[in-house]
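Engineer: Chains as they are written, first to last, in the working numbering: chain E, 1 to 118; chain U, 1001 to 1511.
Virtual Cβ for every residue (Gly too), placed ideally from N, Cα, C.
Quick caveat: nothing in here was measured; it's all calculated off a predicted structure.
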Amino acid sequence: MAAKDTLGRRGEQLAASYLEGRGYEIVDRNWRCPQGEIDIVARHGSELVFVEVKTRSTVAFGHPLEAITAVKLARLRRLAAAWCEAHPGRHDAVRIDGIAVLAPRGGPVEIEHLERVF
Amino acid sequence: MAIGRTHSVSLLGLQGAIVEIEADISSNLPSFVLIGLPDAALGEARDRVRSAATNSGCSLPARKLTVNLSPAALPKHGSGFDLAIALAALGAAGEVSAESIDRVVHLGELGLDGRLRPIAGILPAVVGAARAGFETVMVPTGNEDEAALVPGIRVVGVASLRDAVIWHGGALEPEPVEPILRPQSQSVDDPELDLADVMGNDEAVEAMLVAAAGGHHVFLLGPPGAGKTMLAARLPGLLPSLDAEAALEVSSLRSLAGFPVGGALQSRPPLESPHHTATAAALIGGGSGLIRPGAAARASHGVLFLDEAPEFASSVLDALRQPLESGVISIHRANSVAHFPGSFQLVMAANPCPCGQYGARDQECTCTPHNRRRYLARLSGPLLDRIDIQLQVRRITSAQLRVSADGPRRTTLDARTRVEEARAIAGARLASTPWRLNSQVPGSWLRGPHARLTPEVTASIDRALERGGITMRGYDRVLRVAWTLADLDGTDQPTADHIGRALYFRKAMTA
Chain E
1 MAAKDTLGRR GEQLAASYLE GRGYEIVDRN WRCPQGEIDI VARHGSELVF
51 VEVKTRSTVA FGHPLEAITA VKLARLRRLA AAWCEAHPGR HDAVRIDGIA
101 VLAPRGGPVE IEHLERVF
Chain U
1001 MAIGRTHSVS LLGLQGAIVE IEADISSNLP SFVLIGLPDA ALGEARDRVR
1051 SAATNSGCSL PARKLTVNLS PAALPKHGSG FDLAIALAAL GAAGEVSAES
1101 IDRVVHLGEL GLDGRLRPIA GILPAVVGAA RAGFETVMVP TGNEDEAALV
1151 PGIRVVGVAS LRDAVIWHGG ALEPEPVEPI LRPQSQSVDD PELDLADVMG
1201 NDEAVEAMLV AAAGGHHVFL LGPPGAGKTM LAARLPGLLP SLDAEAALEV
1251 SSLRSLAGFP VGGALQSRPP LESPHHTATA AALIGGGSGL IRPGAAARAS
1301 HGVLFLDEAP EFASSVLDAL RQPLESGVIS IHRANSVAHF PGSFQLVMAA
1351 NPCPCGQYGA RDQECTCTPH NRRRYLARLS GPLLDRIDIQ LQVRRITSAQ
1401 LRVSADGPRR TTLDARTRVE EARAIAGARL ASTPWRLNSQ VPGSWLRGPH
1451 ARLTPEVTAS IDRALERGGI TMRGYDRVLR VAWTLADLDG TDQPTADHIG
1501 RALYFRKAMT A
């Protein structure tokens, strides 16, 4: 596994535990379909939350949140619909969140969570 | 989250309108939205501000940043809002004191390295800020001397965004940078040409003196080489120096036109001599988006000289009729109207015919009568109606040259003193009226009870009017010039001699 993938895995793990700590129930992780992958699907109250996690070790190439582009958001929107289709049931409210994990080598980890980015 | 608020100035013509700049940071993916009718240059402020902030050591937060330029319906142009946008954003992020930036007007363009670049039009913008009641204005170091010319407002010059942030209480270490300065201007007041250089042509020199004293527009007609251009170029030297308000207006127009103003207001009347291929936009001002002043506006409080006037497009010349009438140049666009001052003194020069020799004593004219008539007919009647002095200038002969070389000639300095004295007399007489110069006084007032002359004095023009030699409008013009002649001679009222000389000053077109 390449270093960047390891970092991504670690970031997703950190994000998931962050969400659990905030009272989210993790429903699914790294769900794949032909269109792509959803990092985290969680339930928060009555809302179904699809989370895109971006992890960086430095901001030298931009802030992680800046890496969530309009194209990526549109794909996430389609993926959310695909997930709902694959998991029949009542999905009343759906929202898309972004989480930035800044994990510098040997430094403290910073997590930023943005709700309803789409 | 938070809102940062500060102010800048948007210029429409010479009028500065205060623009409030609000920045809001909301919890969303990083983006930078700029709203409030920005033009292309202002829209690009987003990228300049973000880079400048990062390179100044105070990055903008990775959130959605919305910047609103209010009033939202007023179109805004140019890069002068960069500093205000950056500080509003940093105020919203809590990097600088929100109260501090709210009290100050900010002007200046940002470089990507965070240094501030000087902008055009700083003088009218600072005047606008002072009129709106602001006490402090922050400008780029390169504009500091120009901004300091405006009385009653504190000017803070900063070299970089970092300095600005520190001034507003930001926790940054000062890092001296080399400020970006404008190219140094040559002396603001060009050396003036002296009237003593004019040989012979005494009546033309006299006419320029009258024009300067009464503020009359002048039309010079004569063959090539008669000295028309030489005379016109010496008229600004005869005019008195500008008062403080006029100097500020003239310098503001220079600043707006993008010319360097330097550390002193222009105190001498400007001379603008556009080429005859000038378009209406070049002459009165225009441009898409940002409306810039034209030559006529830049000549305000000075002289607008149109050499070879019949060669100008007639539509261009007629565009001058409105400013000649009202003293204000208004440029209308779909979403705004810009006003520039337009109280210039018009000097037009023309050859009498296309070959230029008609009426010359020494050479034969080769034009047909039809061509001759068509040539001067390009100057429309309504335009010539507004010109009080119409003078024929002749080529100087060798005998005149000999005589003139011996005798004493009038220098510009002497002439200006006489002009100032004459203007003082006219000013005292017109003190209770809205006018200051004889050229501004309407004919009805001159013929009315305040200034009516006895029939003996006006006998010659009364007779000319009766015979149809002059029109009623021409009659009024003669009266106006006669009053100026009387002021120059220091008499309380024009005499029959003054009327006679004034009549001479409007005979060019009939010669």
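Identify each residue in the region 1004–1033 of chain U for which the Cβ-Cβ distance to at least one residue of chain E is less than 8 Å, and report them in chain order.
Structural biologist: Ser1027, Asn1028, Leu1029 and Pro1030
Engineer: Can you tell me whether methionine 971/U is buried or exposed, with buried defined as 16 or more other CB within 10 angstroms of its CB?
Structural biologist: With chain U covering 1001 to 1511 only, the question about residue 971/U has no answer from this structure.
Engineer: Leucine 48/E and alanine 93/E - do their beta-carbons sit closer together than 9 Å?
Structural biologist: yes
Engineer: Could you give the DSSP three-state label for tryptophan 1445/U: helix, strand or coil?
Structural biologist: helix
Engineer: Can you tell me which of the three DSSP states histidine 1007/U falls into?
Structural biologist: strand
Engineer: Could you confirm whether any beta carbon from chain E is found closer than 9 Å to the beta carbon of arginine 1063/U?
Structural biologist: yes
Engineer: Around the Cβ of asparagine 1335/U, are there at least 16 other Cβ atoms within 10 angstroms (buried) or fewer (exposed)?
Structural biologist: So asparagine 1335/U ends up on the exposed side.
Engineer: Which value, in whole angstroms, describes the spacing of the CA atoms of alanine 60/E and glycine 1262/U?
Structural biologist: If I take the Cα positions, the gap works out to 42 Å.
Engineer: Please work out which residues of its chain come closer than 8 Å, Cβ to Cβ, to threonine 1454/U, disregarding the five sequence neighbours upstream and downstream, and give them in chain order.
Structural biologist: none
Engineer: Please list the residues of the region 57–71 of chain E that have a C-beta atom closer than 7 Å to any C-beta atom in chain U, keeping them in chain order.
Structural biologist: His63, Leu65, Glu66 and Ile68
Engineer: What's the gap between the Cα of histidine 1217/U and the Cα of arginine 1463/U?
Structural biologist: Within the model, the alpha-carbon separation for histidine 1217/U versus arginine 1463/U is close to 25 Å.
Engineer: Between which residues of its own chain and glycine 1152/U is the CB-CB distance below 6 Å, once the five residues before and five after are set aside?
Structural biologist: Ala1130
Engineer: Within 9 Å of any Cβ in chain U, is that where the Cβ of leucine 79/E sits?
Structural biologist: At a cut-off of 9 Å between C-beta atoms, leucine 79/E does not count as an interface residue with respect to chain U.
Engineer: Classify serine 1070/U as helix, strand or coil using the three-state DSSP reduction.
Structural biologist: strand
Engineer: According to the Cβ coordinates, are threonine 1136/U and valine 1156/U closer than 9 Å?
Structural biologist: yes
Engineer: Determine the DSSP secondary structure at asparagine 1143/U, reduced to helix, strand or coil.
Structural biologist: helix
Engineer: Taking only the alpha-carbon atoms, compute the straight-line gap between aspartate 1307/U and arginine 1234/U and give it to the nearest angstrom.
Structural biologist: Rounded to the nearest angstrom, the two C-alpha atoms are 14 Å apart.
Engineer: Compare the C-alpha of alanine 1040/U against each of Pro1061/U, Tyr1375/U and Pro1075/U and name the closest.
Structural biologist: Of Pro1061/U, Tyr1375/U and Pro1075/U, the residue nearest in Cα terms is Pro1075/U.
Engineer: Excluding the 5 residues flanking alanine 1296/U on each side, which residues of the same chain have their C-beta closer than 7 Å to its C-beta?
Structural biologist: Leu1283, Ile1284, Leu1304, Leu1320, Pro1323, Ile1329, Gly1342 and Phe1344
Engineer: When we look at the beta-carbon of phenylalanine 1505/U and count the other beta-carbons within 10 Å, is it buried (16 or more) or exposed?
Structural biologist: buried
Engineer: Could you pull the start and end residues of the beta strand (DSSP E) that cysteine 33/E belongs to?
Structural biologist: 25–33
Engineer: Among residues of its own chain, excluding the 5 on either side of aspartate 1047/U, which ones have a beta-carbon nearer than 6 Å to its beta-carbon?
Structural biologist: none
Engineer: Straight-line CA distance for histidine 113/E to phenylalanine 1259/U?
Structural biologist: 51 Å
Engineer: On the DSSP bridge list, what partners appear for glycine 1285/U?
Structural biologist: Pro1293/U
Engineer: Return yes when at least one heavy atom of the ligand ATP lies under 8 Å from the C-beta of serine 1315/U, else no.
Structural biologist: Annotation note on the ligand ATP: not contained in the displayed structure, which lists no ligands.
Engineer: Secondary structure at glycine 1016/U, three-state DSSP: helix, strand or coil?
Structural biologist: In this structure, glycine 1016/U counts as strand in the three-state DSSP scheme.
Engineer: What does a CB cutoff of less than 6 Å around alanine 1511/U pick up in its chain, not counting 5 residues either side in sequence?
Structural biologist: The predicted model places alanine 1511/U with a pLDDT of 39, which falls under 50 and marks its position as unreliable; any figure quoted below should be read in that light. Excluding positions up to five away in sequence, the list reads Gln1392.
Engineer: Buried or exposed for aspartate 1113/U, going by 16 or more other Cβ atoms inside 10 Å?
Structural biologist: exposed
Engineer: Spell out the partners DSSP gives valine 1155/U in its beta bridges.
Structural biologist: Val1137/U
Engineer: Indicate the three-state DSSP secondary structure (helix, strand or coil) for glutamate 1272/U in the structure shown.
Structural biologist: Residue state, collapsed to three classes: strand.
Engineer: Run through DSSP, which three-state label would glutamine 1357/U get?
Structural biologist: coil
Engineer: If you measure from the beta carbon of alanine 2/E to each beta carbon in chain U, is any gap under 9 Å?
Structural biologist: no
Engineer: With a threshold of 9 Å between beta-carbons, can alanine 42/E be considered close to chain U, or not?
Structural biologist: False, the Cβ-Cβ gap to chain U never drops below 9 Å.
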